[in-house]
Amino acid sequence: MAMAFLSSTRSKDIKYQIGVCLVTPSSTSSGCPRLQWNADGRGFKDNKMDWGSVQSEYNCHAEVNTMIAGSRREADLSACTLYVTLSPCHDCSKLVAQSGIKNVVFAKYYKNGRDTYETLGRLPDMNITRYEYMESGYGNIAKMTIDLKDLK
1 MAMAFLSSTR
11 SKDIKYQIGV
21 CLVTPSSTSS
31 GCPRLQWNAD
41 GRGFKDNKMD
51 WGSVQSEYNC
61 HAEVNTMIAG
71 SRREADLSAC
81 TLYVTLSPCH
91 DCSKLVAQSG
101 IKNVVFAKYY
111 KNGRDTYETL
121 GRLPDMNITR
131 YEYMESGYGN
141 IAKMTIDLKD
151 LK
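Everything in the sequence shown is counted per UniProt numbering, starting at 1 for the first residue and increasing by one.
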C-alpha cells in the first residue's frame, strides 16, 4: 500500500490523487510491482493541460491505467492483487472484475452513494473474491517507511 501512496504523488488531478500498485506473481519475486496514478491519456502533455482550475476531461482513472499497463506485461491478471488508495468507483470496479483481478485492497472508501454501497455489495457476484478495507485509512497514516533492504 505504501507504493500506491507513493505513486499517488505523481497525479496532478485537483480533486483526487489516486495511486495504485498492482502486485503480480512475477513482481513478488522480482520486487518490481506495477505503479500507476490517475492521469491524462498517453500522448497528452502535462504542461499543456490546465491542472489548476478544473479536473481534466481526459483524465484516466488509476485503476484503468494499471489494468492497461498490467495487461501488456501479464497475460493473466487473475493472480494479481490491486492496492489502491481509494476504493474503485462503480465503473472501475466493473473493469477490475472484467480484467480478472480477484484481490483488491484499498485505504479509504470513495464516498459517492452507489459507488460505495451498491458496488461493494455486488463484488462477490463480479467474481472479486477479496475486497479488503485497510483499517488505518488515510487519516491514521502519519508516516510510511519503505525499507529498501526489504525489497528483494
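For glycine and all other residues, C-beta sits at the position ideal for the given N, C-alpha and C. On a predicted model such as this, the values are computed, not experimentally measured, just so you know.
Please tell me whether residue i and residue j are closer than 8 Å, where the distance is taken between their beta carbons.
{"i": "Leu77", "j": "Lys108", "result": "no"}
{"i": "Cys80", "j": "His61", "result": "no"}
Reducing DSSP to helix, strand and coil, say where residue i ends up.
{"i": "Thr9", "result": "coil"}
{"i": "Cys89", "result": "coil"}
{"i": "Lys94", "result": "helix"}
{"i": "Ile14", "result": "coil"}
{"i": "Met67", "result": "helix"}
{"i": "Ser1", "result": "Here the sequence assigns Met to residue 1, which means Ser is not the residue at that position. Three-state DSSP puts Met1 in coil, outside helix and strand."}
Between residue i and residue j, what straight-line distance do the alpha-carbon atoms span, to the nearest angstrom?
{"i": "Ile101", "j": "Glu63", "result": "11 Å"}
{"i": "Leu6", "j": "Phe106", "result": "14 Å"}
{"i": "Lys94", "j": "Leu82", "result": "14 Å"}
{"i": "Ile18", "j": "Ser99", "result": "19 Å"}
{"i": "Val84", "j": "Cys21", "result": "7 Å"}
{"i": "Cys89", "j": "Ala69", "result": "19 Å"}
{"i": "Asn65", "j": "Ala97", "result": "15 Å"}
{"i": "Tyr16", "j": "Met3", "result": "17 Å"}
{"i": "Lys12", "j": "Asn59", "result": "10 Å"}
{"i": "Ile14", "j": "Lys111", "result": "17 Å"}
{"i": "Pro25", "j": "Met1", "result": "16 Å"}
{"i": "Arg10", "j": "Asn103", "result": "24 Å"}
{"i": "Ser29", "j": "Val23", "result": "Residue placement at Ser29 is flagged as unreliable, the pLDDT there being 47, under the threshold of 50; a coordinate-derived value is accordingly withheld."}
{"i": "Met67", "j": "Ser8", "result": "16 Å"}
Which residues mark the beginning and the end of the beta strand (DSSP E) in which residue i is found?
{"i": "Cys21", "result": "19 to 23"}
In this structure, what does DSSP give as the bridge partners for residue i?
{"i": "Leu82", "result": "Leu22, Val104"}
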